[in-house]
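In our numbering, the protein residues as written are 43 to 666.
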Amino acid sequence: MNAFREMKEEISEFFNGNLALKAFKWLAVLLFPFYIAVISNYLSYGNTDQLVTLITTNTGSFFYGTIIVWLVFLFLSAVIPSLSAATFITSLIFIILSLVDYFKFVILKTHFLPWDIYLAQNASSFTEFLGSIVIPQSVWEIVFSTLFYCIFIYLMSPTIPIKWRFRGPISPVFLIVLSLFVTNSGIRQIYGPVFGISLEETTDQTKLYAEHGFLTAFALNFGSLNMGEPQNYSQGYIQHAFEKYLPDESSGTTFQNPDIVIVLSEAYWDPTVLNGVTFSADPLENFRKIAESNPSGKMVSPTFGGGTVRPEFEILTGMSTSALPPGNIPYQQYVKGKIFSFPRTYKDLGYDAIGIHTYQKTFYDRNKSYPLMGFDDFLGEYDLHAEQHWNSGPYITDETIAEEIIYQLEQPHDVGTFVMAITMENHSMYHDKYDEQDRLIKVSGENLTPQQILTLENYAAGVRNSDRALKKIYDFVMNREKPTVVLWYGDHLPTLGDDFDPYTSTNTITSSSAAEWTEDEKYTMFSTPYLIFTNYDTGREYLADKEYVSPYLLPALMADYIDAPQCVQTNFLLDLYKTCPVISKYYDLYTPNRDEGKREEMRELHELMTYDMLIGKDYISELK
43 MNAFREMKEE ISEFFNGNLA LKAFKWLAVL LFPFYIAVIS NYLSYGNTDQ LVTLITTNTG
103 SFFYGTIIVW LVFLFLSAVI PSLSAATFIT SLIFIILSLV DYFKFVILKT HFLPWDIYLA
163 QNASSFTEFL GSIVIPQSVW EIVFSTLFYC IFIYLMSPTI PIKWRFRGPI SPVFLIVLSL
223 FVTNSGIRQI YGPVFGISLE ETTDQTKLYA EHGFLTAFAL NFGSLNMGEP QNYSQGYIQH
283 AFEKYLPDES SGTTFQNPDI VIVLSEAYWD PTVLNGVTFS ADPLENFRKI AESNPSGKMV
343 SPTFGGGTVR PEFEILTGMS TSALPPGNIP YQQYVKGKIF SFPRTYKDLG YDAIGIHTYQ
403 KTFYDRNKSY PLMGFDDFLG EYDLHAEQHW NSGPYITDET IAEEIIYQLE QPHDVGTFVM
463 AITMENHSMY HDKYDEQDRL IKVSGENLTP QQILTLENYA AGVRNSDRAL KKIYDFVMNR
523 EKPTVVLWYG DHLPTLGDDF DPYTSTNTIT SSSAAEWTED EKYTMFSTPY LIFTNYDTGR
583 EYLADKEYVS PYLLPALMAD YIDAPQCVQT NFLLDLYKTC PVISKYYDLY TPNRDEGKRE
643 EMRELHELMT YDMLIGKDYI SELK
């Protein structure tokens, strides 16, 4: 230890030996934020070509990101007595953030956004995915080179000439400047043209991160943390726009107070749509049989590969997540008080409302949000009454959630029960998920690699088990006397490999860039199956049978099918369905052959309704 201290002192004295060496020492310190900006963008991109393009073509964007690093570094240098410690912490912050962005994009094809930080409290939940992640050699090289850089600065022992007790009080200045630089709209408007940055580019996140680099894109997204107030937002405008949707007092005359079950089946999708791929058995055998005699269709999800919370939130509330910033996490960002929800509308009719999830109930803050949406209780994996079933996969099986749903339906309820169930068994990663004895469906295809075949067999095992859980619920419901309606849907397609493999390798889609997909390919990549079945004759026709619909329409369509008493929200959503069953603004996907003017009018009203009920003053609830 003494030898190391002596070596450090000798190196420090050496770099203080003359003016040139002192200049070199401080140049190394001054260039450190520049170095961090370079490696952060490189780690996010995962390749040199995009980094070179950023520095040489979008130079303003690169320097914008460098300023962000500089402000963080200056703040840490002011609050931490040791300048070398400040360099280490700065590097740690930005390397971690950029690596999170890289791996999130590899796995889910979506970038790391500021509101993803809300998920930090669930960090332990992601450890099971780490075993399937391959860390590139270049990442290790950068980590070690950065560590060497930090050690080098430590050995040179640069000392800021201002004493720490004087630096500390000015440290908030750097935080204030950083906050204003990133979030203040007036300042952003001034520097935007200086750096060649358009502040209206946050819709297409893939393009934003590709053109401006991780640091700049991440910072720009702080300016869109919240949905801005719509131009026409006022109590008078809401009254004028929505009063025509006030319910008819005679509605619900044939409503039979059925028990209502909604099942979000994780990554439930039909893999047989992959071109040239053969499955030894149909993974969705039960779904197809049930759909033959019951309403079914395709739900156009607002997400791919992850982000379960968005279609879940849309179905529970009828609101549009497209009205919110891209990559939003509604429960954690916006649900801070009681909001409108369909569980609450049924509670007002005397129902009991129960949420079930075979995973951690704290994930996405569901345990906090579900009570605010009117649920009486929300059960996680440790609260279930049903026996927990396992196989060689990492999650509680969907057989368990089917048994828990049955348990809840068998409990006494004065009027009925509303059950929202979220499954987990079929969750990614599919790389090597099940042991061979659980992979009962075999996969073949000329264009598939051995790893792609293994991945698809793992996925097929999970979706088959989900399909068997569907049958278990169906068989129980169809043999009970209490009227019951079940909505079963998949939340999004699975991520089966890097760069949208095997979707691209089977030519199911023609490009690994979502921006280049045709409209048909977008429908392929965002559509999941859903069905509705009842054990009694509702006496009504299901309006959207065999159609594509957006998820926020499903609760209104189901309410119409069972003749549930009307409310403003269901009446509006049914009118929206007539105008345009699919509206996906961020994917530029709309039902064809519809009046564009009327579509835009209704889309804006839907966003207005979302703002009012979620963020605004909830004027809609005051309509009489």
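The C-beta atom is built at its ideal place from N, Cα and C for all residues, glycine as well.
{"Query": "Under three-state DSSP, which class holds PRO571?", "Result": "strand"}
{"Query": "Looking at CYS622 and MET600, is the spacing between their C-beta atoms short of 8 Å?", "Result": "no"}
{"Query": "Please say whether PRO200 and LYS67 have beta carbons closer to each other than 8 Å?", "Result": "yes"}
{"Query": "Can you look up TRP530 in the DSSP assignment and give me helix, strand or coil?", "Result": "strand"}
{"Query": "Please classify VAL142: is it buried, with 16 or more other beta-carbons within 10 angstroms of its beta-carbon, or exposed?", "Result": "buried"}
{"Query": "Are three or more beta carbon pairs between the segment 456-466 and the segment 493-504 nearer than 8 Å?", "Result": "no"}
{"Query": "How many Å lie between GLN27 and ASP605 at the Cα?", "Result": "Residue 27 lies beyond the residue range present for the chain, which begins at 43 and ends at 666; the question has no answer from this structure."}
{"Query": "Here's the rule I'm using: 16 or more other beta-carbon atoms within 10 Å means buried, otherwise exposed. How should ALA444 be labelled?", "Result": "buried"}
{"Query": "Roughly how far, in whole angstroms, is the beta-carbon of GLY270 from the beta-carbon of ASP587, given that I think they are within contact range, below 8 Å?", "Result": "That belief does not hold up - the Cβ atoms of GLY270 and ASP587 are roughly 37 Å apart, past 8 Å."}
{"Query": "For SER180, report the span of its alpha helix (DSSP H) as first-last.", "Result": "179-198"}
{"Query": "According to DSSP, which residues form a beta bridge with PHE670?", "Result": "There is simply no residue 670 to check, as the chain begins at 43 and stops at 666 in what is shown."}
{"Query": "Which word fits PHE208, buried or exposed, when buried means at least 16 other C-beta atoms lie within 10 angstroms of its C-beta?", "Result": "exposed"}
{"Query": "Who are the Cβ neighbours of PHE203 in its own chain at under 8 Å, not counting the five residues just before and after it?", "Result": "Residue identity check: residue 203 is Pro in the sequence provided, not Phe. Contacts found: none."}
{"Query": "Per DSSP, what are the beta-bridge partners of LYS340 in this structure?", "Result": "PRO571 and TYR590"}
{"Query": "Taking all protein chains shown into account, decide if ARG352 is buried (16 or more other Cβ within 10 angstroms of its Cβ) or exposed.", "Result": "buried"}
{"Query": "Quick check on this structure: which residue in SER508, PHE420, PHE355 and GLY318 has the alpha carbon closest to the alpha carbon of ILE495?", "Result": "GLY318"}
{"Query": "Cα-Cα, which of GLU583, GLU589, PRO544 and THR560 is closest to SER486?", "Result": "PRO544"}
{"Query": "Mapping DSSP to helix, strand and coil, what is GLY397?", "Result": "strand"}
{"Query": "Keeping to the same chain, check which residues put their C-beta closer than 7 Å to that of TYR472; ignore five residues upstream and five downstream.", "Result": "THR497, ASN500, TYR501, PRO536 and LEU538"}
{"Query": "Please work out which residues of its chain come closer than 6 Å, Cβ to Cβ, to PRO337, disregarding the five sequence neighbours upstream and downstream, and give them in chain order.", "Result": "ILE574, TYR584 and ASP587"}
{"Query": "Let me know if LYS666 comes out buried or exposed under the rule of 16 or more other beta-carbons within 10 Å of its beta-carbon.", "Result": "exposed"}
{"Query": "Taking all protein chains shown into account, do 16 or more other C-beta atoms lie within 10 angstroms of the C-beta of ALA261, making it buried, or fewer, making it exposed?", "Result": "buried"}
{"Query": "Let me make sure I understand the geometry here. Which of THR296, SER626, ILE371 and GLN611 has the alpha-carbon closest to that of TYR590?", "Result": "SER626"}
{"Query": "Assuming the contact rule is C-beta atoms closer than 8 Å, LEU647 and TYR619 should be a hit. Round their C-beta distance to whole Å, please.", "Result": "Their Cβ separation, rounded to whole angstroms, is 13 Å, which puts LEU647 and TYR619 out of contact at 8 Å."}
{"Query": "Buried or exposed: ARG506, going by 16 or more other Cβ atoms within 10 Å of its Cβ?", "Result": "buried"}
{"Query": "Is DSSP giving TYR632 helix, strand or coil here?", "Result": "strand"}
{"Query": "As an exercise, report each continuous alpha helix (DSSP H) stretch of at least 4 residues that is fully enclosed by the segment 262-307, in chain order.", "Result": "277-284"}
{"Query": "Where does LEU288 land, buried or exposed, given buried means 16+ other C-beta within 10 angstroms?", "Result": "exposed"}
{"Query": "Output yes or no for whether 8 Å exceeds the beta carbon distance between HIS534 and THR566.", "Result": "no"}
{"Query": "Between which two residues does the alpha helix (DSSP H) carrying VAL651 extend?", "Result": "What sits at residue 651 in the sequence shown is Met, not Val. Start and end: 638-656."}
{"Query": "Span of the beta strand (DSSP E) holding MET462?", "Result": "459-464"}
{"Query": "I need the DSSP call for PHE420, collapsed to helix, strand or coil.", "Result": "strand"}
{"Query": "Return the Cβ separation of ILE371 and TYR531 in integer angstroms, given the expectation that the two are a contact with Cβ distance under 8 Å.", "Result": "Contact doesn't hold; Cβ gap of about 20 Å is too wide."}
{"Query": "Would the beta-carbon of THR491 fall within 8 Å of that of TYR437?", "Result": "no"}
{"Query": "Which residue marks the beginning of the alpha helix (DSSP H) containing PRO492, and which one marks its end?", "Result": "492-520"}
{"Query": "Can you give me the Cβ contacts of ARG386 inside the same chain, cut-off strictly under 7 Å, excluding the 5 residues immediately before and after it?", "Result": "MET415 and GLY416"}
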